[in-house]
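Visitor: In the working numbering, the protein residues as written are 391 to 865. For glycine and all other residues, C-beta sits at the position ideal for the given N, C-alpha and C. Bear in mind that the values here come from a model prediction, so they are computed numbers and not experimental data.
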Ligand code: UDX
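What follows is the structure, given as structure tokens:
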């Protein structure tokens with residue numbers, strides 16, 4: 391049986407690139423020391439900035455000239471804490487160069503592919519960007535003498551690296567994957583908002599390769615990057631590496647849907663608070679305390695997309711992953727539940743003014759992709775409510791998606807003005823600072839649905855307050 395080889399890297403090796411927190415540059419101008427990254431989106435840019443921060447010369451490649459020009463100015467085209475500072479430094483020290491010219495990859499030893507793999511209509515991943523990037527890279531590599539390693543960092547279903555990518559790479563380069571052309575799968579596990587920290591301190595590195603040469607080159611690169619702090623390196627075949635990424639996101643999403651299920655049960659029992667249940671549950675080391683916060687359901691660019699891709703992949707292999715369908719279904723219904731909670735407080739939502747506090751899929755981001763707030767807003771609109779929303783960062787993105795379907799406020803107080811109900815959709819610090827008197831002073835009637843459970847229910851008991859997973863004494 392073809393069992394994946396599992397190898398945990400020895401971490402005692404001394405750092406080659408830096409020591410005592412200082413960057414010591416070894417032969418950095420040597421072409422052999424540099425990497426290229428194709429796709430300067432979220433993952434590519436964070437990866438490029440952190441590579442450069444560790445003294446590794448990095449060429450960032452993207453087809454979007456506007457994006458490239460912005461990166462050249464040391465300015466990130468997206469919001470991510472620490473990224474701008476890191477990028478400015480990387481560009482200034484010339485350790486990061488941004489270009490639209492894929493041929494620049496030829497001078498580097500390793501090319502990471504970090505282009506997007508969005509969802510197709512049936513949930514399957516769309517490989518068109520990846521295929522184009524591979525074909526372009528392959529043409530360039532056909533002119534290269536010497537070994538080059540290609541690393542798929544984009545999230546792809548099992549079999550993509552050794553299937554579509556390998557096929558296109560071999561065809562366009564005229565070379566065979568093996569002694570002269572390396573190919574690995576190396577998924578990332580970056581979270582929005584903490585991506586830089588995650589890239590600098592990962593809990594593991596997963597390398598999927600077909601041969602020792604490619605795995606060794608990539609491991610060596612990471613050893614240079616992390617020095618004595620090299621995390622465990624799990625070396626396996628490409629298919630297993632690809633599946634690790636999906637398994638990780640499917641597990642986390644399922645954990646969220648699990649606690650939301652418990653919350654919905656708890657909510658029916660007077661005096662029960664899911665927070666207490668989660669606290670006790672999380673102390674069991676087999677369960678762990680993270681990802682047990684009940685709320686309006688998960689959002690973001692990964693969970694829904696990756697679960698749909700995994701479900702679709704399962705179907706294509708003749709297996710129906712019912713658990714993941716339930717995870718997604720529970721998540722979808724959680725937003726409807728938030729709408730029902732508002733309806734219960736108000737009687738009818740028709741022509742009622744509902745204030746949405748928070749649009750981003752989680753705090754400290756301007757990202758509204760798959761955000762629960764959008765599902766809730768759509769549900770409220772269907773019931774005839776007038777929606778006004780405020781978010782410290784995500785209003786421009788929401789305006790692009792929802793245009794003038796709702797109105798927008800400029801601060802947390804003005805969004806409450808004259809509202810019949812307020813729904814807390816994102817756990818922003820500034821919402822956590824609001825007191826019962828703020829709601830009483832500005833709202834028409836202080837009905838509150840705390841979908842993020844950010845308030846102390848005792849403090850809010852004088853108000854018409856409902857929270858996910860909180861079984862009130864007098865529901
Ligand atoms: C996620 C994965 O964590 C990351 O490893 C992967 O690479 C990309 O997808 P991200 O999308 O940035 O990262 O968001 P994350 O912080 O994981 O949160 C996802 C969603 O789950 C958010 O909407 C969040 O509010 C929700 N969530 C998370 C909960 O509702 N409860 C929790 O306890 C944790």
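Could you spell out where the beta strand (DSSP E) holding residue 795 opens and where it closes?
Guide: Taken as a continuous stretch (DSSP letters only), residue 795 belongs to no beta strand (DSSP E), as it is neither H nor E.
Visitor: Given this structure, state the Cα-to-Cα distance separating residue 399 from residue 520, to the nearest angstrom.
Guide: Legend: pLDDT at residue 399 = 33, less than 50; position of this residue unreliable, value from coordinates given subsequently. Rounded to the nearest angstrom, the two C-alpha atoms are 29 Å apart.
Visitor: Which residues does DSSP pair with residue 854 in a beta bridge?
Guide: Answer by DSSP bridge pairing, in chain order: 837.
Visitor: Quick check on the DSSP output: the beta strand (DSSP E) that includes residue 813 runs from which residue to which?
Guide: It spans 811-814 - the beta strand (DSSP E) in which residue 813 sits, taken as one unbroken run.
Visitor: Under three-state DSSP, which class holds residue 817?
Guide: In the structure shown, residue 817 sits in coil (DSSP, three-state: anything other than H, G, I, E or B).
Visitor: Going straight from the alpha carbon of residue 527 to that of residue 449, what length do you get?
Guide: Rounded to whole angstroms, residue 527 to residue 449 spans 13 Å at the Cα level.
Visitor: So, is residue 739 buried or exposed, given that buried needs 16 or more other C-beta atoms within 10 angstroms?
Guide: Result: buried.
Visitor: Per DSSP, what are the beta-bridge partners of residue 724 in this structure?
Guide: None, per the DSSP bridge assignment.
Visitor: Check the DSSP bridge columns for residue 498 and list the partner residues they point to.
Guide: Bridge partners of residue 498: none, in fact.
Visitor: What span of residues does the beta strand (DSSP E) with residue 743 cover, start to end?
Guide: From DSSP, the beta strand (DSSP E) with residue 743 extends over 743-747.
Visitor: Please state whether DSSP places residue 644 in a helix, a strand or coil.
Guide: In the structure shown, residue 644 sits in a helix (DSSP, three-state: H, G or I).
Visitor: Return the CA-CA distance between residue 847 and residue 619, expressed in angstroms with no decimal places.
Guide: Rounded to the nearest angstrom, the two C-alpha atoms are 43 Å apart.
Visitor: Going by Cα to Cα distance, which pick from 858, 541, 791 and 780 is closest to residue 631?
Guide: Ranking 858, 541, 791 and 780 by Cα distance to residue 631 puts 541 first.
Visitor: Report yes or no: do three or more beta-carbon pairs, one from the region 549-557 and one from the region 475-493, lie closer than 8 Å?
Guide: The region 549-557 vs the region 475-493: no contact.
Visitor: Which two residues bound the contiguous alpha helix (DSSP H) that contains residue 559?
Guide: Counting along the chain, the alpha helix (DSSP H) containing residue 559 begins and ends at 556-563.
Visitor: Please report whether the beta-carbon of residue 464 lies at a distance below 9 Å from any beta-carbon of chain C.
Guide: This model lacks chain C altogether; it includes just one protein chain.
Visitor: Assign residue 443 to buried or exposed, taking buried as 16 or more other Cβ atoms, counted over all protein chains shown, within 10 Å of its Cβ.
Guide: Result: buried.
Visitor: Can you say whether residue 548 is buried or exposed, counting buried as having 16 or more other CB atoms within 10 angstroms of its CB?
Guide: Classification for residue 548: buried.
Visitor: Using C-beta distances below 7 Å, list every residue in its chain close to residue 460, excluding the 5 sequence neighbours before and after it, in chain order.
Guide: Cβ within range, chain order: 467.
Visitor: I'd like the span of the alpha helix (DSSP H) that includes residue 698, first residue to last.
Guide: Run containing residue 698: 693-706, per the alpha helix (DSSP H) assignment.
Visitor: At a cut-off of 8 Å, is residue 804 close to ligand 1 when judged by its beta-carbon and the heavy atoms of the ligand?
Guide: Checking the Cβ of residue 804 against ligand 1 gives no.
Visitor: Is residue 714 near ligand 1, judged by its Cβ being under 8 Å from some heavy atom?
Guide: Incorrect: residue 714 has no Cβ contact closer than 8 Å to ligand 1.
Visitor: Below 9 Å between beta carbons: does that hold for residue 597 and residue 567?
Guide: Not in contact: residue 597 and residue 567 (Cβ atoms no closer than 9 Å).
Visitor: Residue 578 by DSSP, collapsed to three states: which one?
Guide: Residue 578 falls in the coil class under three-state DSSP.
Visitor: Tell me which same chain residues have a C-beta within less than 8 Å of the C-beta of residue 512, skipping the five on either side of it?
Guide: Hits under 8 Å: 702.
Visitor: Where residue 778 and residue 602 are concerned, what is the direct C-alpha to C-alpha distance, given to the nearest angstrom?
Guide: Their Cα atoms are separated by approximately 57 Å.
Visitor: Quick one: residues in its chain with C-beta nearer than 8 Å to the C-beta of residue 861, no 5 flanking neighbours on either side, listed in chain order?
Guide: Excluding residues within five positions, the ones whose Cβ falls inside 8 Å are 656, 657, 658, 659, 660, 661, 662 and 663.
Visitor: For residue 470 and residue 669, I'd like the C-alpha separation in whole angstroms.
Guide: Cα to Cα, residue 470 sits roughly 30 Å from residue 669.
Visitor: Contact check, residue 741 vs residue 545 under 8 Å by CB: the rounded distance?
Guide: Rounded, the Cβ-Cβ distance is 43 Å, inconsistent with contact.
Visitor: Please check the pair residue 699 and residue 839, which I expect to be a contact at CB under 8 Å, by giving their CB distance rounded to whole angstroms.
Guide: Not a contact, Cβ separation roughly 32 Å.
Visitor: May I ask you to list the residues that DSSP assigns as paired with residue 448?
Guide: For residue 448, which the question treats as bridged, DSSP gives the partners 425 and 486.
Visitor: With hydrogens ignored, establish whether the beta-carbon of residue 692 is closer than 8 Å to any heavy atom of ligand 1.
Guide: The answer is yes for residue 692.
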